[in-house]
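In terms of the working numbering, the sequence shown opens at residue 24 and continues consecutively. Using N, Cα and C, we set each Cβ at its ideal position, and we do this for glycine too. Quantities reported herein were computed from a predicted structural model and do not represent experimental measurements.
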Amino acid sequence: MSKIRVLPEHLSNRIAAGEVVERPASVVKELLENSLDAGADRIEVEIEGGGTRLIRIIDNGEGMDEDDILLCLERHGTSKITDDHDLDSISTLGFRGEALPSIGSVAKLVIVSRPAGRELGSRVVADFGRLIKVHETGCPCGTVIEVGSLFGNTPARRKFLRTLKTEIGHVEEVVKNYALAVPAVTFIVRIDGREALHLDGADTIESRLARIMRYKGPFMEVDSRPVRQDRPFVHGLLVPPEATISAAAILRLFVNGRTIKDKMMIHAAAEGLRGFLMKGGGPAGFLHLRLPPDEVDVNVHPAKHEVRFRNSHEIHELIRQAVQQAVQGLQKSIKTEIFSMPVKTALSVPPEPEMRPAVTGLPRTVDAAGGPQPLPYPAPIPPGTGYTAPEAFAGAGDFAAASPLQAAEPAPEEQSPLPAPNSPSGERHGLSVIGQFSDLYIFCQSGDRLVVIDQHAAHERLLFERLRRQFLQGRVTSQSLLFPVTVELSLLQSRLVEKNIREIERLGFSVREFGGNTHIISAVPALAGQCDSARLFMDMLERFGSDTSRTAGAGRLEDILADMACKAAVRSGDRLTAAEIDALLSQMARADLFSHCPHGRPVLKYFQAEEIKKWFYRP
Ligand code: ADP
Ligand code: MG
């Protein structure tokens, strides 16, 4: 008598269910995938009692006849693959033929289905894997699957479930994922009879993502359409860097229409966003990778959560580059929106006559009250741009021009870290400067937008890019110090200098030992020439010493360059001259990357005239 026996089917189904059906959301995932494989373009998901009382999925897909319904309950019953060859190039979401029998083994199932072309449909009832009834019924085309009393026969599994709220959250998550993977399909979710989500297939993917993430955009568009049709490509939408730290900011990943989890893909996206991510932020939005089915193995996980790529190196690079390009695309779109707009009349609504005295009087009144002072920078009116200052503001403009603050303490040119513009008229940046506010923000007008720029963040990004370019081209340009600086280092710090001397020199420093642990710094990065040299040096050393830097190597060096840029940039509190503002804006307009500081904070915000109108409840 052999000791080994083959398990009866109901038992092996329950074992499979252990892997495939972890919680109500796993059931929803399998059923959604089946509906999508059946070509449905409208899917309704109804949940009662957190999914353990009832899960009902209604689709308008191709349906099943009675024989098929009975077969789909059989283990390994599938219409999706037939031979070995198919397994190597799976184009459907399902293929294992396990989901329905597994779910059926731990729940009460009712399947009602009618294929197109049949007058009547069929209804099959099975309780915990036992067939109860089969009969004909009138029903619409498509399939309704009801899963009741989930885990009713496996109390242990049921005990592992979390609160209703958590389970419902997981279910919604599954639906949201697929809603982004297949944007043309309408999804409706009802929780205990109440409609919780309604995503129409006719909506744009942007609006769908905006609703799902509760973030109204704009998004960065990722798109690496291939030169060759049969090569992998990735497309998607990501939130801009400053929005990456909210709770809802997660990155959803899809491969050929399937939702998956993949650390490599997340890493690649983060690499693409390097130097733009907020601290604690990660890439967020969604990325959809498309590649020939034979280049990805989807048969590595029972619940199909994970996949394996034939060439994950290539995929990593593909995603990293596509995301990097999306960052560049964001710069371009801001550029066309902000820097190249012809300046036209800002206020299309003519001022009402009775408002004039109040408006013209405003700057003085506010000033007297100790509020915001008039901006020391009169808005220039570029000739030939058709700009006509509305009458009511002409007075305010004169006032600003005549303001004593304009002449007050102009920053000396030679001390300015911002080079003066080459041409006397300044370079074209297309912005009409309104002035500096709070010695930090530069207010500008671009077309019918109000643009607010953080001078420090803006300058920091520009310097960072220049430093990085110099570094990558060999060495950061350095500047000899007229009076070399000595620093006393600890033994540990001396070792750090010794160990990293090549990098330190590449970063623009010249340093040599001067007996014991005393070191002499004789040159520093030129762009940071005005900074406290010893501080600059010590802070850099600290970066070399800390192991908590995001990554050793490239990440650390970028952190150091970002530190330098931060120290060298104009600060909050620095009053800028008109020429300096012009120089800053011109540099931004010319730069490839300018939208965020190296720490991911936004450099500029803009407000449409329409939006501003709403602040004041103007009709
Ligand atoms: P798989 O999806 O791996 O084939 P399942 O157990 O999930 O295995 O489903 C078994 C079969 O039942 C499918 O191959 C399909 O033919 C059929 N089926 C399941 N759900 C539906 C549906 N909603 N509409 C049409 N056919 C379905
Ligand atoms: Mg399936």
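Counting every other CB atom within 10 Å of its CB across the protein chains shown gives T227 a total below 16, marking it as exposed. Runs of the beta strand (DSSP E) spanning 3 or more residues and lying entirely within the region 208 to 290 occur at 209 to 214, 217 to 222, 243 to 246, 256 to 261, 274 to 278 and 281 to 283, in chain order. At least one heavy atom of the ligand MG falls within 7 Å of the beta-carbon of A122. Checking the 7 Å criterion, the Cβ of G117 is within range of a heavy atom belonging to the ligand MG. Cβ-Cβ separation between T160 and G86: approximately 12 Å, too far for a contact (criterion under 8 Å). Here V474 is buried. Its C-beta has 16 or more other C-beta atoms within 10 Å. L580: not part of any beta strand (DSSP E); member of the alpha helix (DSSP H) spanning A577 to A591, first to last residue. Selection V135, A149 and D150 evaluated against L143 yields V135 as nearest (Cα-Cα).
If you check the C-beta of N57 against the ligand MG, you find a heavy atom less than 7 Å away. For A602, the enclosing alpha helix (DSSP H) has its first and last residue at A601 to R613.
The C-beta distance from F494 to L584 rounds to 6 Å, short enough to fall under 8 Å.
A614 is positioned such that its CB atom lies closer than 8 Å to that of L485. Considering only D246, H622 and W638, the residue with the shortest C-alpha distance to M301 is H622. Within the region 527 to 575, the complete beta strand (DSSP E) runs of at least 3 residues fall at 533 to 536 and 541 to 548.
Residues of the same chain with a CB within less than 7 Å of the CB of Q610, apart from the 5 flanking positions on each side, are L485 in chain order. Looking at the backbone, the Cα of F639 and that of G470 are separated by about 20 Å. Counting only residues of its own chain and dropping the five nearest sequence neighbours on each side, S112 has a CB closer than 7 Å to the CB of P316 and D317. Counting C-beta pairs with one atom in each stretch, the region 100 to 110 and the region 233 to 252 have fewer than three that are closer than 8 Å, which means they do not touch. Taking C-alpha positions only, K637 is separated from Y629 by approximately 15 Å. Taking the CA atoms as reference points, Q631 sits about 16 Å from I457.
Ranking A551, H479, A546 and E565 by CA distance to the CA of V520 puts E565 first.
Judged by DSSP secondary structure, R489 falls within the alpha helix (DSSP H) whose first and last residues are Q478 to L495. G280 is positioned such that its CB atom lies no closer than 8 Å to that of A345. A direct Cα-to-Cα measurement between R529 and R254 gives close to 39 Å.
Between the alpha carbons of V208 and I81 lies a distance of about 13 Å. Taking the Cα positions, G298 is about 56 Å away from A149. Less than 8 Å separates the beta-carbon of V510 from that of M561. Its chain contains L276 as the residues whose beta carbon lies nearer than 6 Å to that of D285, once the 5 sequence neighbours on both sides are disregarded; these appear in chain order.
Non-local beta-carbon contacts of R331 in its own chain, meaning distances under 6 Å to residues more than five positions away in sequence, involve D320 and V323 in chain order.
Residue range Y464 to S469 is occupied by the beta strand (DSSP E) that includes C467. With a cutoff of 7 Å, M87 counts as near the ligand ADP, since its C-beta is closer than that to a heavy atom of the ligand.
For D82, no alpha helix (DSSP H) segment is defined; the enclosing uninterrupted segment is the beta strand (DSSP E) at L77 to D82.
Excluding its 5 nearest sequence neighbours in each direction, L94 has C-beta neighbours in its own chain below 7 Å: G100, listed in chain order. Spanning the alpha carbons of A61 and A130 requires a straight line of approximately 23 Å. Within 7 Å of the C-beta of E97 there is not a single heavy atom belonging to the ligand MG. Under DSSP, F151 forms no beta bridge with any residue.
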